[in-house]
Amino acid sequence: MDRIVNRIFLAVTAAILGWTWAAPAVSLRHFAVPLVHYTGLALSMWAAGALILVCLGLIGQAVRGPAPVDRLGFVKEWLAHQRQGRFLNVVVPLVAFIVTMASFTVHKTVVLPGYGFTWDADFIAWDRVMFLGHDPWVLSHAVFDSAAATWWIDQVYHAWFYPMIIAYVICGLMVSGPLVRACYIGTFLISWFVIGCVLAGLFASAGPVYDGVLFEVGQFEPLKARLSGQAAEVPGIASQVYQAELLAGYKAGAIGLGYGISAMPSMHVALAAMWALLFFGVSRWLGLLGVGYTLFIWLGSVHLGWHYAVDGLVSSALVVGIWGALRVAILGMASGKAVEDGGLQGVPGE
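Just add 38 to wherever you are in the sequence shown, counting from 1, and you've got the numbering used here.
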């Protein structure tokens with residue numbers, strides 16, 4: 039099963055690299071900065087992930103009772119297991135992460151600007167149909183109407199980047215639960231390609247906060263004025279800073295971690311949906327907590343002006359579809375006995 043899964047990871051990584059590289063505007067120099075950024079980030083996060091797992095293992099020993107003779111025996115068992123696969127189960131996700139994220143960054147900052155922003159008016163109309171003639175942001179600000187509420191939404195919304203990487207890293211280092219591990223890593227990689235690159239190009243849009251700057255609809259001046267006023271009232275609303283930095287980077291043609299503008303589909307909401315599916319692999323209650331978090335991130339994406347409501351709905355549905363299709367594909371390619379031997383209790387859909 040490990041070989042099958044690693045081949046899937048490498049195939050997806052090759053696909054996003056090929057897709058990005060095939061664009062006429064892309065050259066080798068565009069990859070230099072993203073590759074350096076993500077290589078350094080990945081190595082540091084993999085080291086942090088390993089340290090976290092060792093600490094959790096030691097805590098687990100303390101909770102279970104008398105300490106074993108060899109306190110680090112579980113680490114030796116992990117190394118022995120990885121040695122059997124020549125450490126490919128660790129190296130392949132690591133390389134896939136670096137290449138996928140670097141390719142996505144180049145695609146978003148170099149390729150996507152060439153598409154323009156032609157779909158915003160359509161998504162505004164779709165939102166109004168879904169919300170019975172109302173703009174969703176008006177409803178969210180009617181419920182969460184204070185600057186303090188916006189500050190809290192902003193803090194939770196933007197506290198996602200490192201947890202997102204840690205979840206991937208933990209899955210990359212895991213031995214138990216091979217199917218849910220494979221589904222999470224595979225969905226993560228496929229989503230950055232299909233959702234973040236292919237569909238982001240087909241449905242190129244900037245998002246409400248860039249109305250009047252990157253496209254002309256004239257519907258979101260009240261939202262921008264409200265958010266600006268709340269940021270002046272309560273310091274520390276990071277979205278105002280990030281949105282200005284992204285716009286400046288877009289105009290300057292900056293290439294690097296975090297740059298680029300794209301609304302549909304929402305990768306931010308997609309990653310939250312992935313966490314929910316991963317949490318369901320641990321327990322139903324954690325999964326429901328993950329669903330609640332996903333809904334909160336979806337609300338925040340609209341409230342803060344980053345996205346249209348439809349952006350998060352589409353990306354969440356896509357994530358569930360990708361996860362399900364990947365799960366069926368893995369089970370179909372791997373023998374039932376091999377999968378059972380891996381211990382797949384608690385996997386969504388079992």
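Idealized CB from N, CA, C, for every residue including glycine.
Using only alpha-carbon positions, find the residue among the options that is nearest to residue i.
| i | options | result |
| --- | --- | --- |
| asparagine 44 | Leu337, Tyr222, Gln268 | Tyr222 |
| aspartate 173 | Gly95, Glu259, Phe241, Ala134 | Glu259 |
| serine 229 | Ala292, Leu309, Met212, Ile46 | Leu309 |
| alanine 205 | Phe231, Ile191, Leu227 | Leu227 |
| glycine 350 | Ala244, Thr332, Val366 | Thr332 |
| glutamate 271 | Ser184, Leu170, Val167, Gly296 | Ser184 |
| valine 130 | Val329, Leu211, Ala187 | Leu211 |
| serine 266 | Ile136, Trp189, Val352 | Trp189 |
| alanine 35 | Glu254, Gly370, Pro273, Ile97 | Residue 35 lies beyond the residue range present for the chain, which begins at 39 and ends at 388; the question has no answer from this structure. |
| valine 128 | Cys209, Val357, Ser65 | Cys209 |
| glutamine 316 | Ile97, Val358, Ser65 | With the sequence shown as reference, residue 316 is identified as leucine, and glutamine is not the correct amino acid for it. It is Val358 whose Cα lies nearest to the Cα of leucine 316. |
| valine 167 | Val352, Val348, Gly98 | Val348 |
To the nearest angstrom, report how far apart residue i and residue j are at their CA atoms.
| i | j | result |
| --- | --- | --- |
| glutamine 257 | tyrosine 248 | 11 angstroms |
| valine 90 | aspartate 40 | For clarity, residue 90 is isoleucine in the given sequence; the question names valine instead. Those two C-alpha atoms are separated by around 23 angstroms. |
| alanine 301 | arginine 121 | 42 angstroms |
| tryptophan 313 | leucine 117 | 27 angstroms |
| leucine 364 | valine 218 | 10 angstroms |
| valine 340 | serine 178 | 8 angstroms |
| aspartate 165 | glycine 95 | 47 angstroms |
| proline 201 | histidine 75 | 17 angstroms |
| leucine 284 | isoleucine 299 | 7 angstroms |
| alanine 159 | alanine 238 | 15 angstroms |
| valine 50 | threonine 138 | 8 angstroms |
| glycine 234 | valine 92 | 33 angstroms |
| arginine 264 | phenylalanine 47 | 44 angstroms |
| glutamine 193 | isoleucine 335 | 11 angstroms |
| glycine 111 | alanine 63 | 52 angstroms |
| proline 176 | alanine 70 | The residue you asked about is not proline; residue 176 is valine in the sequence shown. Between valine 176 and alanine 70, the C-alpha separation is close to 42 angstroms. |
| serine 240 | tryptophan 157 | For clarity, residue 240 is leucine in the given sequence; the question names serine instead. C-alpha separation (whole angstroms): 9 angstroms. |
| phenylalanine 125 | leucine 132 | 11 angstroms |
| methionine 371 | phenylalanine 169 | 43 angstroms |
| isoleucine 191 | glycine 215 | 33 angstroms |
| alanine 231 | proline 104 | Before going further, note that residue 231 is phenylalanine rather than alanine in the sequence given. Rounded to the nearest angstrom, the two C-alpha atoms are 48 angstroms apart. |
| methionine 83 | isoleucine 203 | 7 angstroms |
| alanine 80 | glycine 171 | 45 angstroms |
| glutamine 383 | tryptophan 198 | Reliability fails at glutamine 383, whose pLDDT of 38 lies under 50, so the model's placement of it is uncertain and the value that follows must be treated cautiously. The straight-line gap from Cα to Cα measures roughly 27 angstroms. |
| alanine 100 | glycine 56 | 48 angstroms |
| glutamate 388 | glycine 362 | For glutamate 388, the predicted model reports a pLDDT of 38, less than 50, meaning its position is unreliable and no value from the coordinates is stated. |
| glutamine 268 | leucine 66 | 43 angstroms |
| lysine 262 | leucine 342 | 9 angstroms |
| isoleucine 275 | serine 243 | 24 angstroms |
Under 7 angstroms between the Cβ atoms of residue i and residue j?
| i | j | result |
| --- | --- | --- |
| valine 87 | valine 181 | This sequence places glycine at residue 87; valine is not what is there. Contact: no. |
| threonine 225 | isoleucine 42 | no |
| phenylalanine 155 | leucine 252 | yes |
| isoleucine 368 | alanine 134 | no |
| alanine 61 | valine 149 | yes |
| threonine 147 | isoleucine 293 | yes |
| serine 354 | alanine 290 | no |
Mind reading off the beta-carbon distance from residue i to residue j? Whole number of angstroms is fine, and I expect it under 8 angstroms.
| i | j | result |
| --- | --- | --- |
| glycine 245 | tryptophan 344 | 5 angstroms |
| tyrosine 195 | glycine 338 | 4 angstroms |
| isoleucine 162 | tyrosine 346 | 7 angstroms |
| threonine 77 | isoleucine 136 | 5 angstroms |
| leucine 295 | proline 151 | Actually they do not touch by this definition, with Cβ atoms about 17 angstroms apart. |
contact_flag[the region 278-298, the region 321-332] where n(CB pairs < 8 angstroms) is 3 or more: Between the region 278-298 and the region 321-332, the count of Cβ pairs shorter than 8 angstroms is below three; the stretches do not touch.
Using 8 angstroms as the cut-off, can you tell me whether the region 137-148 makes contact with the region 298-312, which would need three or more C-beta pairs spanning the two stretches below that distance? Yes: at least three Cβ pairs fall under 8 angstroms.
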